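Numbering (my numbering), first residue to last: 0 to 473. Report on the following structure.
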Ligand code: MG
């Protein structure tokens with residue numbers, strides 16, 4: 000090799016070594032900001048903890064979600080922040096317990112078509128925070144945080160919206176005398192629910208038989224349209240909230256019957272989305288969450304799902320009401336096939352997403368979400384210390400570590416009164432996930448600690464007017 004060529008060779012070798020060193024330093028010390036990951040949150044409605052094959056269901060097939068778990072992380076102790084739709088969604092969108100935003104009530108548990116309230120403009124939604132960090136944002140599916148123009152997704156940080164703005168069993172026009180029988184063989188015409196694009200109604204009643212399919216197609220189009228810049232897509236399925244609908248291809252396919260058909264279509268949807276991300280080369284740069292807003296609606300018998308080994312379901316502050324089958328997927332970042340038994344909450348999806356985006360978590364108010372990045376990337380410990388279980392405005396129970404104290408209990412539905420407990424009922428959730436064995440007597444110190452934690456938490460809560468009790472203006 001000639002001298003000059005040799006010099007060039009060693010110079011380039013030297014440069015390569017330097018570059019490698021610098022890259023190593025950058026990746027460990029964050030000298031270079033990592034590219035902002037896209038964020039997709041897929042939120043099912045009333046899906047139970049035990050309704051996916053990867054969470055132990057014996058007859059519902061969920062190959063795409065099972066694969067998502069195999070390529071990502073499965074959370075076994077992950078909570079929504081309320082046992083019913085509206086407050087749960089408010090928590091996901093704001094990172095705050097709904098008691099702080101007024102998105103809960105003891106009189107009306109969720110928003111209805113005759114409600115005039117919605118998510119207050121003063122809240123910083125996840126879409127607003129990500130938009131400020133340079134993201135394109137879209138909401139597809141069920142919103143349920145107010146259907147008047149000022150409350151819709153497009154007024155709350157989303158560039159576009161396509162979906163049914165509240166629950167799919169509202170605007171019922173079927174004869175009341177038929178009672179719940181219409182849920183056994185539901186027909187589209189029984190519920191006059193609107194389907195909206197941005198702020199316009201484009202179909203009414205929405206054809207719910209194709210709703211899961213259309214939400215999926217809409218999401219895939221957005222991925223294709225958004226692929227060059229960071230994006231956030233919030234896909235909130237209306238299913239499997241009753242009435243249950245699925246498209247033709249999924250009719251009578253599942254051994255679990257109608258409910259199984261519906262879950263299998265959602266599973267198909269997840270598969271389509273992950274596949275599209277891979278096709279577009281976006282999989283290594285997109286974090287996808289799968290979760291549910293609350294537990295299964297057990298009063299609908301076979302039309303409702305299953306909380307597996309957890310007690311009770313939707314509407315209650317027993318574990319079945321709020322612990323959700325949760326997956327996080329981000330190939331190349333989240334170790335594949337990992338299972339986290341750490342505490343997590345949909346509140347944390349807010350904070351974690353904003354942190355990953357390099358955005359700003361509001362500092363002028365209490366934010367209850369914590370950053371789960373160390374759990375996701377390194378299987379580390381969760382910074383989440385407590386979980387508060389609210390029913391409306393009442394703090395019913397509190398979890399700290401493995402312990403859960405119920406201060407008040409009440410079955411999910413029905414007229415049984417609130418029952419106060421002093422001392423509280425105490426369960427060790429890791430020994431007794433089904434909340435069967437009250438061990439309060441043996442652990443007075445734990446009770447003391449949980450009571451103190453509840454008091455300390457409640458000191459941070461300032462009363463605000465309920466948005467759920469505001470009637471529609473005339
Ligand atoms: Mg729900």
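Heads up, the beta-carbon is just placed ideally off N, CA and C, and yes, glycines get one too. Predicted model, so just to flag it, every value in this text is computed and none were measured.
Please enumerate, following chain order, all residues with a beta carbon closer than 5 Å to at least one heavy atom belonging to the ligand MG.
Matched residues: 44, 45, 84, 292 and 293.
CB-CB under 6 Å to residue 465, same chain, minus the five flanking residues each way: which ones, in chain order?
Contacts found: 101 and 104.
Taking the alpha helix (DSSP H) that residue 92 belongs to, which residues open and close that run?
Counting along the chain, the alpha helix (DSSP H) containing residue 92 begins and ends at 84-93.
Whose CA, out of 301, 402 and 273, lies closest to the CA of residue 256?
Closest in alpha carbon position to residue 256, among 301, 402 and 273, is 301.
If you run the structure through DSSP and keep just helix, strand and coil, what is residue 21?
At residue 21, the pLDDT of 47 sits below 50, so the modelled position is not reliable; the number obtained from the coordinates is stated separately. In this structure, residue 21 counts as helix in the three-state DSSP scheme.
For residue 22, count neighbouring Cβ atoms within 10 angstroms of its own Cβ and tell me buried if that reaches 16, exposed if not.
Low confidence applies to residue 22: its pLDDT is 47, below 50, so where it sits in the model is not reliable, and the reading given next is rough at best. In this structure residue 22 is exposed. Its beta-carbon is surrounded by fewer than 16 other beta-carbon atoms within 10 angstroms.
Take residue 58 and list the residues in its own chain whose beta-carbon comes closer than 6 Å to its own, dropping the five residues that flank it on each side.
254 and 255.
Counting C-beta neighbours from all protein chains within 10 Å, is the total for residue 180 16 or more, i.e. buried, or is it exposed?
Around the beta carbon of residue 180, a 10 Å sphere encloses fewer than 16 other beta carbons of the protein chains shown; the residue is thus reported as exposed.
Give every residue of the same chain whose Cβ lies closer than 6 Å to the Cβ of residue 161, excluding the five residues on either side of it in the sequence, and list them in chain order.
Correct list, in chain order: 139, 196 and 217.
Those runs of the beta strand (DSSP E) which lie wholly inside the region 222-254 and span at least 3 residues
Look at the region 222-254 and you find these whole runs of beta strand (DSSP E), each 3 residues long or longer: 230-235.
When the Cα of residue 65 is compared with those of 266, 344 and 440, which residue comes out closest?
Of 266, 344 and 440, the residue nearest in Cα terms is 266.
Cβ neighbours of residue 128 in the same chain (closer than 6 Å, five flanking residues each side left out)
Taken in chain order, the residues that qualify are 353 and 358.
I need the boundaries of the alpha helix (DSSP H) containing residue 342, first residue and last residue.
Boundaries for residue 342: no alpha helix (DSSP H) harbours it, while the beta strand (DSSP E) harbouring it runs 337-344, taken from the DSSP string.
How is the alpha helix (DSSP H) around residue 134 delimited, first residue to last?
Neither: residue 134 is in no alpha helix (DSSP H) and is coded neither H nor E.
By the three-class DSSP mapping on this structure, what secondary structure does residue 103 have?
DSSP places residue 103 in coil when its eight states are reduced to three.
What residue from 110, 119 and 135 has the CA that sits closest to residue 141's CA?
For the set 110, 119 and 135, the Cα lying nearest the Cα of residue 141 is the one of 110.
Tell me whether residue 42 sits in a helix, a strand or coil according to DSSP, three-state version.
In this structure, residue 42 counts as strand in the three-state DSSP scheme.
On the DSSP bridge list, what partners appear for residue 288?
Residue 288 is bridged to 40 and 327.
Scan the region 359-444 and note each continuous alpha helix (DSSP H) run of 4 residues or more that stays entirely inside, going in chain order.
Residue ranges of uninterrupted alpha helix (DSSP H) with 4 or more members, entirely inside the region 359-444 and ordered along the chain, are 372-377.
Can you tell me which of 434, 199, 93 and 164 puts its alpha carbon nearest to the alpha carbon of residue 408?
Taking only the C-alpha atoms, the option nearest residue 408 is 434.
Which runs of the beta strand (DSSP E) fall wholly inside the region 144-201 and span at least 3 residues, in chain order?
List check, beta strand (DSSP E) in window: 159-162 and 194-196.
Between the Cα of residue 368 and those of 376, 377, 379 and 387, spot the shortest distance and give me the residue it belongs to.
Closest option to residue 368, Cα to Cα, is 387.
Less than 9 Å between the beta carbons of residue 73 and residue 381, yes or no?
Going by C-beta atoms, residue 73 is not nearer than 9 Å to residue 381.
Roughly how many angstroms separate the alpha carbons of residue 30 and residue 328, rounded to a whole number?
Model confidence at residue 30 stands at a pLDDT of 45, short of 50, so the residue's coordinates are unreliable and nothing is read from them.
Tell whether a beta-carbon distance below 9 Å holds between residue 349 and residue 360.
For residue 349 and residue 360, yes; Cβs fall inside 9 Å.
At a cut of 8 Å, does the region 113-132 reach the region 197-211 through at least three beta carbon pairs?
Taking a cut-off of 8 Å for Cβ pairs, the region 113-132 and the region 197-211 do not touch, as fewer than three such pairs fall below it.
Am I right that residue 315 and residue 193 are in contact with their C-beta atoms under 8 Å? What's the rounded C-beta distance?
About 30 Å; that fails the 8 Å criterion.
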